[in-house]
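Chemist: A single structure is presented below for examination.
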Ligand SMILES: [Zn+2]
């Protein structure tokens, strides 16, 4: 798997704040160096922020699903 794919596999954990510090730093370093992953993350963050503002609660399941689809979409683009 590409380096991008490896990082994006963890992205939902990253967004949930579930990663340990070491992995967090590693992912953030990659995101700052890789415009494509950075762009993907930005759109994911917007989706989540919008959702949180509306619900003020946990991310609903359908949004979680959309996030995962978006991640897979990003991964698919990587393999071209
Ligand atoms: Zn990347």
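In the numbering used here, the protein residues as written are 1 to 80. Quick reminder that beta carbons are idealized off the backbone N, C-alpha and C, glycines included. A quick note: this is a predicted structure, and the numbers were derived from the prediction, not measured.
1) Using the Cα positions of residue 9 and residue 60, report the straight-line distance between them to the nearest angstrom.
2) Taking the C-alpha atoms as reference points, what is the distance between residue 63 and residue 3?
3) With hydrogens ignored, establish whether the beta-carbon of residue 10 is closer than 7 Å to any heavy atom of ligand 1.
4) Grouping DSSP H, G and I as helix and E and B as strand, with all else coil, what is residue 2?
5) Say yes only if the C-beta of residue 36 is nearer than 7 Å to one or more non-hydrogen atoms of ligand 1, and no if none qualify.
Modeler: Reading from the atomic positions:
1) On the chain shown, residue 9 is found 9 positions in, with the first residue counted as 1. On the chain shown, residue 60 is found 60 positions in, with the first residue counted as 1. For residue 9 and residue 60, the distance between alpha carbons rounds to 20 Å.
2) Against the chain shown, residue 63 aligns to sequence position 63. Against the chain shown, residue 3 aligns to sequence position 3. So the alpha carbons of these two residues sit roughly 26 Å apart.
3) Taking the first residue of the chain shown as 1, we reach residue 10 at position 10. No, Cβ of residue 10 sits at least 7 Å from all heavy atoms of ligand 1.
4) Stepping through the chain shown from its first residue, residue 2 is reached at position 2. Coil at residue 2, not helix or strand.
5) Taking the first residue of the chain shown as 1, we reach residue 36 at position 36. Under cutoff, so the answer is yes.
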